[in-house]
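Everything in the sequence shown is counted per the numbering used here, starting at 321 for the first residue and increasing by one.
Structure record follows, encoded as structure tokens.
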Amino acid sequence: MANKGRVLIVDDEKINCNLLISLLQDCTTIIALNGEQAIQRALSDQPADLILLDVIMPDLDGYEVCRLLKKNEKTKNIPIIFITVKATEAEEAKGLNLGAVDYISKPFSPAIVLARVSNHMELKRQRDLLEHLHITDALTGIANRRRFDLSLKHEWKRAIRMKDWISLIMIDIDFFKQFNDIYGHPAGDDCLQKVAHALDKVCAREIDLLARYGGEEFLAVLPSTDIEGAMRVAKTMKDCIIALEIPHQGTLIGDCISISLGVSSNSNIGIEAPQVLLKQADEALYKAKRNGRNQFSI
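What follows is the structure in structure tokens.
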């Protein structure tokens with residue numbers, strides 16, 4: 321079996337864990353000897369791609385662990401295969417209704433274990449790929465508008481819960497229509513890719529998100545960032561695009577591609593919803609354009 325990713329094995333019997341480890345030598349295996357450990361391992365920064373979960377355990381049984389994992393946003397999409405001595409039809413139905421994808425019976429059949437792990441790993445890879453394509457801009461490879469909407473909603477709720485800052489930067493390439501008219505759409509696509517990659521590098525923290533909002537517009541979500549921090553990011557973005565030195569004969573402000581930016585933050589008065597934050601970033605962007613472009617406004 322080729323490298324199939326990370327498998328979390330949850331069983332209070334070490335002999336069963338060791339047997340599964342020996343069968344899944346091409347996987348990275350993580351062990352949990354009880355339900356509490358299983359939840360901790362699943363919620364780690366390196367979550368499993370698949371969980372093999374014993375039904376009968378002394379503290380939290382497998383059904384309760386499955387219920388808790390499926391309830392959590394971070395772990396709900398990890399496929400779970402129950403391990404059991406011999407499940408009745410009612411027990412299997414209970415596990416499947418809780419969100420498990422399959423059962424493996426004890427004593428283990430090596431061929432069955434390998435086949436079921438391999439099949440469900442492949443299904444998860446395909447789902448992950450489809451999800452990635454669904455939230456990724458096809459041209460630039462950065463997040464698309466759908467991913468931005470999800471991120472803003474999530475980060476806004478987090479900011480409210482934690483009483484934290486959140487800022488947005490709306491970005492527009494100056495005179496991009498003229499660029500396409502002069503150099504052609506293939507050159508325009510190349511320009512969008514270069515600009516996107518340069519801006520994405522500025523959003524260096526793992527919690528930051530840069531998305532293509534549409535056409536030549538981009539949006540950056542900056543959690544835990546107040547207005548002063550967002551202004552520093554906006555200035556860095558503006559400077560890094562000038563540094564690309566992409567020639568533009570159709571611009572009225574120099575001889576290369578530039579951007580205008582609008583910055584908003586919930587540290588400003590009157591920000592009561594993410595839609596207001598987005599609206600104010602949009603208004604700030606148009607202010608930057610009215611003031612001559614190649615600048616940011618708040």
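Note that CB positions come from ideal geometry on N, CA and C, so glycine has one too.
Item: Per DSSP, the bridge partner or partners of SER580; Value: ASP492
Item: Assigned secondary structure, PHE499 (DSSP; H/G/I helix, E/B strand, else coil); Value: helix
Item: Proximity to GLY534 [Cα-Cα], best of MET490, ALA608, ILE398, ILE335; Value: MET490
Item: Backbone CA spacing between GLU412 and ILE480 [nearest angstrom]; Value: 41 Å
Item: Within 8 Å, strictly: CB atoms of CYS560 and PRO567; Value: no
Item: CA-to-CA distance, GLU442 to ASP346, given in whole angstroms; Value: 14 Å
Item: Endpoints, beta strand (DSSP E) assigned at ILE398; Value: Counting along the chain, ILE398 falls outside any beta strand (DSSP E), and DSSP gives it neither H nor E.
Item: Opening and closing residue of the alpha helix (DSSP H) in which GLU537 lies; Value: Element bounds for GLU537: not the alpha helix (DSSP H) but the beta strand (DSSP E), 537–543.
Item: LEU363 vs LYS394 beta-carbon contact at 8 Å; Value: yes
Item: Other residues of its chain near SER342: CB distance less than 6 Å, five sequence neighbours each side excluded; Value: none
Item: Given 8 Å, three or more beta-carbon pairs between the segment 404–424 and the segment 448–467; Value: no
Item: Status (buried if at least 16 other CB within 10 Å, exposed otherwise) for LEU340; Value: buried
Item: For ASN614 and ASN397, the rounded distance between their alpha carbons; Value: 43 Å
Item: Whole-Å CB distance - ASN547 paired with SER585, under 8 Å assumed; Value: For the record, residue 547 in the displayed sequence is Ile; it is not Asn. Between SER585 and ILE547 the Cβ distance is about 4 Å, and since that is below 8 Å, they are a contact.
Item: Among GLU565, GLN600, THR404, PHE538, the one whose alpha carbon lies nearest that of ILE462; Value: PHE538
Item: Stretch pair the segment 431–451 + the segment 515–526: three plus CB contacts closer than 8 Å; Value: no
Item: Bridge-paired residues (DSSP) for ASP546; Value: BP columns for ASP546 are empty, so no partner.
Item: Closest residue to LEU564 among LEU542, ARG532, ARG387, LYS521 (Cα-Cα distance); Value: LYS521
Item: Secondary structure of ALA407, DSSP reduced to three states; Value: coil
Item: Beta-bridge partners of ASP457, as assigned by DSSP; Value: DSSP, once it has assigned bridges, lists no residue as partnering ASP457.
Item: Local conformation of ARG637 per DSSP, three classes; Value: Nothing in the structure corresponds to residue 637, since the chain is present only between 321 and 618.
Item: With 16 other Cβ atoms within 10 Å as the buried cut-off, status of GLY504; Value: exposed
Item: One or two residues paired with ALA531 in a DSSP bridge; Value: ALA463, LEU539
Item: Alpha-carbon spacing of ILE400 relative to THR348, whole angstroms; Value: 16 Å
Item: Residue burial classification, MET557 (beta-carbon count within 10 angstroms, cutoff 16); Value: buried
Item: Spatial distance of THR571 from ASP602 (CA atoms); Value: 22 Å
Item: TYR606 versus GLY582 - alpha carbon distance; Value: 7 Å
Item: LEU630, DSSP secondary structure in three states; Value: For residue 630 there is no data in the structure shown, the boundaries of the chain being 321 and 618.
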